[in-house]
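Encoded as structure tokens, the structure appears first; notes follow it.
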Amino acid sequence: MDSQQLMATAILVIVIIGCLGNILSFTLFSRPHMRASSVNVLLCALSFVDFTMLFLMIPCFVLPGFSIWETNEGHLTYMAYILKFVYPVNLIMQTCSIYIMVMITMERWTAVCRPLQVRIWCTPKKSRIAILVIFLCSVAYNAIRFFEYSIKENETGVIYERYLRDERWYMLGYFTGLYLLTHFLVPFSILAVMNGHVIVTMWRHRSQRQLLTRQQRREQSTTIMLLVVTGMFAFCNTLPFLMNLVECAMPDLFSHPSTAGLAYQLNDLTNLLVALNSGTTFLVYAIFSEKYRQTICFMLKNGCCATVSDFNAYTNMSRTASMRVTSTGHTQNGHKLSTCSRSSEMLLKPTQIPTRAERSVSEYNSRMNGKLRKQKCSLDETSRFSGIMRKKIHKFSMGDSMVHNAAIQSATPTPEITITVTEEEEQTEVSLAPNDV
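With numbering that gives the first Met the number 0, letter number 167 in the sequence shown gets 166, and the count goes up by one each step, no holes.
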């Protein structure tokens, strides 16, 4: 097995693993509970693009390396149709992959450096619109690639010839100038500036990590994951860019006897790096994303047809199981601890520093309890005041009744008592007032 077949075998292994991983990632990121995030929509599109690009690498770069054709004419016929119709589609997918990575970087920059605007600027709907625009622009930019080669027939069969690649204006203007601008300067400048800003911002706020909520810590983990993906993308796409520049400066790079061998070896290495970049992103997701691992385990246990409620029940059960304190495995100085000693040890341990969310909840509860106590005090004062007022009103009503009775007595004429004394036919009438009695 020569070096070309060895390289084709390595590319084939990476392509198979990458296709399986991207199928898994596409299925995972297309789940209903994952599509609610804008970055997951972009990662779903990136998984589809990487799968398509890896799949198209089999006819473009893998099969030609094994030399499975019996005659040279059959190989030339195969390469003619591949260069004419399949290779431009692969370039379209490569352009889509570059600018989807740019969109992911911009989304992460907004989430870290502009957190107040992230829910306005970064929505799933806007991410879908951006993906559609990227695809249409990629097709429009690479449409001319279908005319780089022409197919001709002769006595031995079908052959291909360089058509636009022999034109100097095409090689200098489009193949080198526009490629340098659209596939290297613009995207890599955006990636470098925004990722640098994200790294600096996260480094400045590293001391406040204990104050972050669970959702904010998850956002930071996602950002670190995507920084690793972006760094791998930049590393694997630098050599293809340099190869295009060298090919533009030396048009006979692949045909001159002194440079053809090295050129084809570097070209195979370039294809290997591109396949490595597209085929290993799912490993980065699995290493850095807890939700990615949870969803994979859920899909393996319950299948792809499970609902969102089943996934929420599964994640809640996982959190409960992780928070449960097991009764085994607690040892001290090589001896098992009893239940009482374990419980006392648990009580003697310092409590965990509460997060900002817990502190805010406790502060809110204390404020509400204070307000309730104030309201209760005010109600007690109101009830006491109302009782005093009722007593005063009762006293006032008694006094008014007494005054009223006195007024009635003064208005009533004073009764007179008449005493008649009979003594020897003499009668004396004495009138006594009530006060005289």
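Ideal Cβ positions, reconstructed from N, Cα and C, are used throughout, including at glycine.
Please state whether the Cβ-Cβ distance between residue i and residue j is less than 8 Å.
i: Asn194; j: Thr104; result: yes
i: Trp120; j: Val197; result: no
i: Pro58; j: Ile91; result: no
i: Val111; j: Thr200; result: yes
i: Ile143; j: Tyr178; result: no
i: Ile99; j: Ile130; result: yes
i: Met224; j: Val283; result: yes
Per the DSSP calculation, residue i is bridged to which residue(s)?
i: Arg161; result: Tyr148
How long is the line joining the alpha carbons of residue i and residue j, rounded to whole angstroms?
i: Tyr48; j: Leu27; result: The sequence given here places Val at residue 48; Tyr does not occur at that position. When rounded, the distance between both Cα atoms is 15 Å.
i: Phe437; j: Phe54; result: Residue numbering for the chain in the displayed model covers 0 to 436; residue 437 lies beyond these limits and cannot be assessed.
i: Gln3; j: Phe60; result: 10 Å
i: Val117; j: Ser37; result: 10 Å
i: Met170; j: Ser188; result: 23 Å
i: Thr258; j: Leu19; result: 37 Å
i: Trp68; j: Leu75; result: 10 Å
i: Asn243; j: Thr175; result: 7 Å
i: Val88; j: Met78; result: 15 Å
i: Ile295; j: Phe145; result: 40 Å
i: Pro186; j: Ser126; result: 18 Å
i: Ala262; j: Arg113; result: 45 Å
i: Leu41; j: Ser277; result: 15 Å
i: Arg34; j: Glu72; result: 49 Å
i: Ala285; j: Gly260; result: 39 Å
i: Gln93; j: Leu275; result: 13 Å
i: Met6; j: Ile15; result: 14 Å
i: Val157; j: Leu226; result: 46 Å
i: Met56; j: Glu218; result: 34 Å
i: His255; j: Asn21; result: 39 Å
i: Tyr86; j: Glu246; result: 17 Å
i: Ser46; j: Thr280; result: 9 Å
i: Leu190; j: Arg372; result: 56 Å
i: Asp1; j: Phe253; result: 19 Å
i: His32; j: Glu160; result: 50 Å
i: Arg205; j: Asn266; result: 42 Å
i: Trp202; j: Lys124; result: 31 Å
i: Lys83; j: Leu184; result: 28 Å
i: Met298; j: Lys290; result: 12 Å
i: Met367; j: Gln293; result: 38 Å
i: Pro63; j: Gly17; result: 20 Å
i: Met231; j: Thr122; result: 26 Å
i: Leu241; j: Val192; result: 21 Å
i: Thr70; j: Glu154; result: 14 Å
i: Leu180; j: Ser365; result: 59 Å
i: Asn141; j: Asp251; result: 23 Å
i: Cys95; j: Pro239; result: 16 Å
Taking all protein chains shown into account, do 16 or more other C-beta atoms lie within 10 angstroms of the C-beta of residue i, making it buried, or fewer, making it exposed?
i: His182; result: buried
i: Lys300; result: exposed
i: Ile97; result: buried
i: Met249; result: exposed
i: Asn39; result: buried
i: Thr221; result: buried
i: Gln264; result: exposed
i: Ala44; result: buried
i: Gly369; result: exposed
i: Ser24; result: buried
i: Ser288; result: buried
i: Met102; result: buried
i: Glu106; result: buried
i: Arg30; result: buried
i: Pro349; result: Confidence in Pro349 is poor, its pLDDT being 40 and thus under 50, which makes the residue's placement unreliable; the coordinate value appears in the next sentence. Its Cβ having fewer than 16 others within 10 Å, Pro349 is exposed.
Kindly examine the ligand GDP and report whether one of its heavy atoms sits closer than 7 Å to the Cβ of residue i.
i: Ile103; result: Among the components of this structure there are no ligands whatsoever, and the ligand GDP is therefore not found.
Inter-stretch contact (C-beta, 8 Å, three-pair minimum) for the region 229-241 and the region 150-157: Remark: fewer than three beta-carbon pairs, one from each stretch, lie closer than 8 Å, so the region 229-241 and the region 150-157 are not flagged as touching.
The region 0-16 touching the region 267-276, judged by at least three CB pairs closer than 8 Å: Contact between the region 0-16 and the region 267-276 is present, because at least three Cβ pairs lie under 8 Å.
Segment contact flag, the region 165-177 with the region 120-136, C-beta cutoff 8 Å, min 3 pairs: Cβ pair count under 8 Å is below three, so no.
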